[in-house]
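Some notes on the structure that comes next.
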Amino acid sequence: MIRRREARRGGLGALAAVLLVLPFVLPNTYYLNVAILAGLNAIACIGLNLLIGYAGQISLGHAAFFGIGAYVSAILTAGQGWPPVLALLAALVLNGALAFAVARPILRLRGHYLAMATLGLGIIVAIVLAQEVRLTGGPDGMPVPPLVLLGWSPPGEAAWYGIVAVLLWIAAWLSLNLARSPIGRALAALNASEIAAATAGVDVARHKSLVFVLSALYASLAGSLFAHYAGFITPAKAGFLQSVELVTMVVLGGMASTFGAVVGAAILTALPQIFATFHEYETIALGAILMGIMIFLPRGLVPSLARLAGRR
Amino acid sequence: MLETFLQFLFSGITAGAIYALVALGFTLIYNASHVINFAQGEFVMIGGMATVFLADAGWPIWAAAPLAVLLAVAVGVALERLAIAPAREASTVSLIVITIGASILLRGLAQLVWDRNFHTLAPFSGEEPIRVLGASILPQSLWVLGGSLLAVLALGWFFGRTLLGKAVIATAHNRLAAELMGIETRHVMTLCFALSALLGALGGVLITPITLTSYDAGVMLGLKGFSAAILGGMGSATGAVVGGLLLGVVEAMGAGFLSSAYKDAIAFVLILVVLVAVPRGLMGARGAERV
Amino acid sequence: MSLLEVQSLSKTFGGVAAVAEVSFELEAGHVHSVIGPNGAGKTTLFNLIAGAVRPSGGKVRLDGADITGLAPHVLAERGIGRSFQTPQIFAAMSVAENVMVGRHLRLDRRLLPSLLGMPAVDRANRAARERAQLLLDQVGLGQEADRPAGGLAYGAMKRLEIARALAGDPRLLLLDEPAAGLNPTETAEITALIQAIAAAGVTVVLVEHDMRLVMAVSDHIIVLDSGRKLADGTAAAIRADPAVIAAYLGQAQ
Chain A
243 MIRRREARRG
253 GLGALAAVLL
263 VLPFVLPNTY
273 YLNVAILAGL
283 NAIACIGLNL
293 LIGYAGQISL
303 GHAAFFGIGA
313 YVSAILTAGQ
323 GWPPVLALLA
333 ALVLNGALAF
343 AVARPILRLR
353 GHYLAMATLG
363 LGIIVAIVLA
373 QEVRLTGGPD
383 GMPVPPLVLL
393 GWSPPGEAAW
403 YGIVAVLLWI
413 AAWLSLNLAR
423 SPIGRALAAL
433 NASEIAAATA
443 GVDVARHKSL
453 VFVLSALYAS
463 LAGSLFAHYA
473 GFITPAKAGF
483 LQSVELVTMV
493 VLGGMASTFG
503 AVVGAAILTA
513 LPQIFATFHE
523 YETIALGAIL
533 MGIMIFLPRG
543 LVPSLARLAG
553 RR
Chain B
169 MLETFLQFLF
179 SGITAGAIYA
189 LVALGFTLIY
199 NASHVINFAQ
209 GEFVMIGGMA
219 TVFLADAGWP
229 IWAAAPLAVL
239 LAVAVGVALE
249 RLAIAPAREA
259 STVSLIVITI
269 GASILLRGLA
279 QLVWDRNFHT
289 LAPFSGEEPI
299 RVLGASILPQ
309 SLWVLGGSLL
319 AVLALGWFFG
329 RTLLGKAVIA
339 TAHNRLAAEL
349 MGIETRHVMT
359 LCFALSALLG
369 ALGGVLITPI
379 TLTSYDAGVM
389 LGLKGFSAAI
399 LGGMGSATGA
409 VVGGLLLGVV
419 EAMGAGFLSS
429 AYKDAIAFVL
439 ILVVLVAVPR
449 GLMGARGAER
459 V
Chain C
343 MSLLEVQSLS
353 KTFGGVAAVA
363 EVSFELEAGH
373 VHSVIGPNGA
383 GKTTLFNLIA
393 GAVRPSGGKV
403 RLDGADITGL
413 APHVLAERGI
423 GRSFQTPQIF
433 AAMSVAENVM
443 VGRHLRLDRR
453 LLPSLLGMPA
463 VDRANRAARE
473 RAQLLLDQVG
483 LGQEADRPAG
493 GLAYGAMKRL
503 EIARALAGDP
513 RLLLLDEPAA
523 GLNPTETAEI
533 TALIQAIAAA
543 GVTVVLVEHD
553 MRLVMAVSDH
563 IIVLDSGRKL
573 ADGTAAAIRA
583 DPAVIAAYLG
593 QAQ
């Protein structure tokens, strides 16, 4: 327990250090841009890891919450003239309500059936976003006004990086706090054995709903910020392949590891950029790396490496 | 009214037959290994794309199609031998990610070896529609239905009448017991991947003259096939066929009578409704967890 | 007055009656045992009482209040704890954390303080950890507290389950074959443990095949056969019951 708390503090310290140093070692704003995108994905992945990693409930439709966050922000700011922060909060409320409404019936399902249901939910959301052309601009997407915080708009990549870095750190801090609270133990317990968790007094359905809503809120926040940062949003960001990418980031980094989610998001966001110069081979390399890591390090990067380090 | 209904029914059954083939592929692999193979749709794509490119190179269809199916089978075997077998001990989610990685890899290879365009294939026996009660059926639809029916019957014969087929069923029921009886379960796994690649590629060859194909045509087909398998109840072969046909027909009716823009969504709304009502699919195994 | 009252409790699985019209009462503070051949419906009876399975008919009352068909976590709140025939431990957690989960209902479970890592949560964790240590010492796993629970031996897992159930301060403790797979020394330890738990005022119900253990600790024995209650009474009465001897004891000896 004590060792674990130290590891948590050490991890948060290391994360802060990396986030602080990163902008000074990255050669130009192009890489800063990649870091910002990685940070936004990492926020969504930290939330998704609470659901998949800790509670053991797969979601193959999580990009839907990311997409709804992005589109609610886009529509309310561009169409209705709402202040971005208010639109972002509205997106959180809407996503939270949607997640809460579907959580009970869907999270009764297990394994592949749950995968199917979340996948279906995600695809339905993506199709609605693509088809409601008057509201969303359809498959071609829609422009999003810049973010404004109390009259101040982040002027460039550096300011955006600061915002994302702070939010990412807070997201990780909240996740780690939750993991070691009685709620976090209850999630890990129901992951291992639902009947034993319930017998110990854990309201399994309630905890599943809770973590599902939380993970949707993380994705919503990341989506809203992404919309403002990118200035443009398409339904593809809510689609199946995007959902798969989020799950892949979590699993690649390591299940039930908050820092693993961050590492997975960073790697999978940066890889395509690195391979972009060999455009033809980009997808091949991505697929091969995914398979390779899962075959040789099935527990994911961070837990596998931590284990190696511990054995030494 | 009847004509329109029949028209939608025919196109629904045609699409449903392909979903059923893909769903059977999912079921085969699931039963043998409890792996959900998210690269299943890629077998369909390989079948279609390889046939197209061989035909473009001047091969006759009767040679191009079997060769394309054979290519898909080789890919299926390689997938099992190189990626699934070495990861035997991995968790369900890890295995899902491995097959997702494989599907990304195969799409990338298809882009590289072939291209990123849409392709079509000449129908096997002309384009003159056949009139039935006022509705028209494409001759290619008959190819799809006939081919799928033959595949399902052959599969039934294989599992019901041959020793090898029975070995596969024994392995699916109880791997350890099958091993103790001297069945090489390793080969059974490979065989199941080969068979499910064969089914998917066959579907790809048959449907391409109707729907076009491209390097990423397998994504949606794979998802629909997975939906069909889940709809019928994962692990049930009959369920896969029923689920596939049901999905195809409901989708065609929904697209025709409700909204064609939401055609793809209809399948997933259907599956959500069914799963919430019957958490294990229409024909899935029922049984309480033993504690 | 009886703590638990079971009235014509029944459960059918696909037409087969696993438990049929079983009625009995459990007196508070005593050790009760449910015995019977394999397939007699003992574990199903536990599952019905603890809420893991919904009854097809009949009533269960705890302290006079109807608890039939309530969810397991609600029953845990009402004071029913249990262990499982096949240990259902949380393998990835430490031994102590397993017990801390058992303490779930007595801890601060508010979301916001948990997310913010407020001192109240730390205090709750510390208190739960101390309590877990006490319980682990009691079941003889004090040394193993920080080991991963998945690495424990089978018998240790069974004892861990007892500690986890005790962490919820149950009034009624259902133990499903606590001595299965244990050697004679371990069985003797379990016997002493059960007696200590009962002495502390917890009503204990055992499902157990080890007749020596059953006869040594039980104040009251219920005999099931093919889902029906064959007899119930004191150990001496059961031993003398001709129907029981014919159906069960006779067969075993």
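Protein chains in written order, with the working numbering: chain A, 243 to 554; chain B, 169 to 459; chain C, 343 to 595. For every residue, glycine included, the Cβ atom is placed at its ideal position computed from N, Cα and C. Note that the coordinates shown come from a computational prediction; the quantities given were computed from them, not determined experimentally.
Taking a Cβ-Cβ threshold of 7 Å, the residues of chain A close to F394 of chain B are M358, in chain order.
Comparing C-alpha distances from A359 of chain A to each of A:L391, A:A332, A:S301 and A:Y313 shows the shortest one belongs to A:S301. Here the C-alpha atom of E363 of chain C lies approximately 10 Å from the C-alpha atom of K401 of chain C. Under the DSSP assignment, G209 of chain B falls in the alpha helix (DSSP H) whose first and last residues are Q208 to D224.
For Y355 of chain A, the chain B residues whose C-beta falls within less than 9 Å of its own C-beta are I398, M402, L443, P447, R448, G449 and G452, listed in chain order. Taking the Cα positions, L449 of chain C is about 39 Å away from F482 of chain A. Proximity of chain A to E486 of chain C at the Cβ level (cut-off 7 Å) is not reached, the minimal Cβ distance being about 14 Å. The beta-carbon distance between V203 of chain B and I197 of chain B, rounded to whole angstroms, is 6 Å. This is short enough to meet the 8 Å contact definition. With a cut-off of 8 Å on Cβ pairs, the region 403-413 of chain B is not in contact with the region 204-220 of chain B, counting fewer than three such pairs. In this structure, the beta-carbon distance from A312 of chain A to F474 of chain A does not fall below 7 Å. Taking G422 of chain B as the centre and dropping the five residues before and after it, the same chain places the C-beta of I434 closer than 6 Å to its C-beta, in chain order.
For the region 402-419 of chain A, the residues whose beta carbon sits under 9 Å from a beta carbon of chain C are, in order, W415, L416, S417, L418 and N419. Scanning its chain for C-beta atoms nearer than 8 Å, with the 5 sequence neighbours on each side dropped, one finds around I266 of chain B the residues A251, I252, A255 and A258, in chain order. About 7 Å separates the Cβ atoms of G510 of chain C and R445 of chain C, confirming a contact at the 8 Å cut-off. Here S352 of chain C is actually not in contact with P414 of chain C; their C-beta atoms are around 19 Å apart, not less than 8 Å.
As DSSP reads the structure, H374 of chain C sits in a beta bridge with C:V547 and C:H562. For the set C:V361, C:H372, C:T527 and C:M460, the Cα lying nearest the Cα of L390 of chain C is the one of C:V361. Runs of the beta strand (DSSP E) lying entirely within the region 391-447 of chain B and spanning at least 3 residues: none are present.
Residue nearest to A259 of chain A within the set A:S395, A:W411 and A:L349 is A:W411 (criterion: CA-CA distance).
Listed along the chain, the chain C residues whose CB falls inside 7 Å of the CB of S423 of chain A are S456 and V463. I422 of chain C sits in a strand when the DSSP states are folded into three classes.
Chain-ordered, the chain A residues with CB closer than 8 Å to the CB of D432 of chain B read I365 and I369. A residue is called buried when at least 16 other Cβ atoms come within 10 angstroms of its Cβ; I535 of chain A meets this threshold and is buried. For L363 of chain A, the closest C-alpha among the options A:V344, A:G353 and A:R376 is that of A:V344. The residue among C:L555, C:G543 and C:R513 with its C-alpha nearest the C-alpha of I532 of chain C is C:L555. If you draw a straight line from the Cα of W230 of chain B to the Cα of G390 of chain B, it is about 25 Å long. Within a 10 Å sphere around the beta-carbon of S382 of chain B sit 16 or more other beta-carbons, which makes this residue buried. Taking all protein chains in view, the Cβ of I351 of chain B is crowded by 16 or more other Cβ atoms within 10 Å, so the residue is classified as buried.
Under the Cβ distance rule, S435 of chain A counts among the residues neighbouring chain C, one pair being separated by less than 7 Å. Within the same chain, and ignoring the five residues on either side of M553 of chain C in sequence, no residue has its Cβ closer than 6 Å to its Cβ. A contact is defined here as three or more CB-CB pairs under 8 Å, and the region 329-349 of chain B fails this definition with respect to the region 172-192 of chain B. Boundaries of the beta strand (DSSP E) around L514 of chain C: L514 to D518.
L306 of chain B has its alpha-carbon roughly 7 Å from the corresponding atom of E296 of chain B. Less than 7 Å divides the Cβ of G303 of chain A from the Cβ of L361 of chain A. Residue contact with chain A for Q475 of chain C: absent (no Cβ-Cβ distance below 7 Å to any residue of chain A). Residues of chain A with a Cβ closer than 7 Å to the Cβ of E367 of chain C do not exist; the shortest Cβ-Cβ separation is about 23 Å.
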